[in-house]
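Working notes, beginning with the structure itself.
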Amino acid sequence: MLESLIEPLQYEFMQRSLIIAVLVGIVCASVGSYLMVQRLALLGDAISHSVLPGLAIAFIVGADIFVGAFIAGVVSTMVITWIRTRSQIKEDAAMGIVFSAFFALGITLITIVQKDNKIDLNHFLFGNILSVSPQEVINTAIITVIVLVIVALLYKELMFYTFDPIGAQAAGLPINLLNFGLMILIALTIVASLKAVGVILVLAMLITPGATAYLLVSRLHQMMMLGSAIGVVASVSGMYLSYFFNLPSGPAIVLVAFGFFMLAFLFSPSQGVLTHPVSKSGQSPIWREIKGLWR
-8 MLESLIEPLQ YEFMQRSLII AVLVGIVCAS VGSYLMVQRL ALLGDAISHS
42 VLPGLAIAFI VGADIFVGAF IAGVVSTMVI TWIRTRSQIK EDAAMGIVFS
92 AFFALGITLI TIVQKDNKID LNHFLFGNIL SVSPQEVINT AIITVIVLVI
142 VALLYKELMF YTFDPIGAQA AGLPINLLNF GLMILIALTI VASLKAVGVI
192 LVLAMLITPG ATAYLLVSRL HQMMMLGSAI GVVASVSGMY LSYFFNLPSG
242 PAIVLVAFGF FMLAFLFSPS QGVLTHPVSK SGQSPIWREI KGLWR
């Protein structure tokens, strides 16, 4: 058993991949918890799909593709906000419009580029964690540290804003700045996760570990920590399954994360379908914590 765990660590590419897997598991759960509380999972999906044209354009001009992805993610959030504030279109509809258009543009640009260059589209869509370079490990680590520091510094403000934007504004918080900051955090997290799970599957890592923790704990900071632990275990387990059974790494990671979610969904002591069929309270303890923070 121990030999099986040590065997993959003999290879440098597996060492780098496992480091990336751990970082992605932590940062995705930390930021994804806010999306869970705000019930904006679609926003993560919108931004993740919207980074694709940035990847393609950066490749065309010879720039860093991850910088291009980040810029495209930020631009997409600005377009969503612009449509939502300047029309009667609701936010979810604006997200659907923008992310589908950006995704289609990205596919089109990559198809054009493929005529003269050999590019594996699957690496953009589903990740290729086994091919990470030392520089990409460093970049992901830097992004993870930046995101976690911002989350720690603005924990209370971001939580208040995600739960009650109107109340946050009445309390004097700069809600527009907080909203833009949250979008930046999501874009950074997606960029950090692209190599591991790709554009299509990054939403699963943003939402699934946090959703699993949501079923098990009663406070937001606990949700972030437990979600991060679940994300790390799912990522590392998925990597080992990929190594030993020759499976695609990104999908393997996501399937393990989904397996943990189903266990919590069925057997959670407080919210499990089999262990706690009927909830005695219509309100999650996390929501009560958020309300009590600003009383």
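Residue numbering for the sequence shown follows the working numbering, beginning at -8 and increasing consecutively. Ideal Cβ positions, reconstructed from N, Cα and C, are used throughout, including at glycine.
Just confirm the distance between the C-beta atoms of residue i and residue j, as a whole number of angstroms; I'd bet it's less than 8 Å.
i	j	result
residue 196	residue 184	6 Å
residue 85	residue 74	4 Å
residue 203	residue 252	5 Å
residue 115	residue 133	Not really, about 22 Å apart at Cβ, beyond 8 Å.
residue 217	residue 25	Going by Cβ atoms, the distance from residue 217 to residue 25 rounds to 15 Å, so no, they are not a contact pair.
Is the CB-CB distance between residue i and residue j below 7 Å?
i	j	result
residue 189	residue 241	yes
residue 20	residue 120	no
residue 182	residue 60	yes
residue 178	residue 64	yes
residue 128	residue 7	yes
residue 153	residue 29	yes
residue 295	residue 191	The structure shown does not extend to residue 295, since the chain spans only -8 to 286, so no value can be given for it.
residue 248	residue 180	no
residue 135	residue 18	yes
residue 214	residue 205	yes
residue 287	residue 176	Outside the displayed span of the chain (-8 to 286) sits residue 287, for which this structure offers no information.
residue 16	residue 223	yes
residue 243	residue 233	yes
residue 288	residue 107	Since the first and last residues shown for the chain are -8 and 286, residue 288 lies out of range.
Tell me whether the segment 4 to 16 and the segment 222 to 238 touch, counting them as touching only if at least three CB pairs, one residue from each stretch, are closer than 8 Å.
Flag = yes, the segment 4 to 16 and the segment 222 to 238 touch.
Considering only residues of the segment 229 to 271, which uninterrupted alpha helix (DSSP H) runs meet the minimum length of 4 residues and lie entirely inside it, listed in chain order?
As far as the segment 229 to 271 is concerned, its whole alpha helix (DSSP H) runs of at least 4 residues are 240 to 258.
List in chain order: all unbroken alpha helix (DSSP H) runs of 4+ residues lying wholly within the segment 41 to 98.
You should have 43 to 52 and 56 to 77.
Is it a yes or a no for the segment 25 to 39 touching the segment 52 to 72, going by three-plus beta-carbon pairs under 8 Å?
Between the segment 25 to 39 and the segment 52 to 72, the count of C-beta pairs closer than 8 Å reaches three or more; the two stretches touch.
Three or more C-beta pairs below 8 Å linking the segment 93 to 104 and the segment 43 to 51:
Verdict: yes, contact present.
Examine the Cβ distances between the segment 132 to 149 and the segment 162 to 172 and report whether three or more of them are shorter than 8 Å.
Contact between the segment 132 to 149 and the segment 162 to 172 is present, because at least three Cβ pairs lie under 8 Å.
What are the complete alpha helix (DSSP H) segments, minimum 4 residues, inside the segment 148 to 189?
Contiguous alpha helix (DSSP H) elements confined to the segment 148 to 189 occur at 156 to 161, taking only those with 4 or more residues.
In chain order, each alpha helix (DSSP H) run of at least 4 residues that lies wholly inside the segment 109 to 140
Here the runs fully enclosed are 112 to 117.
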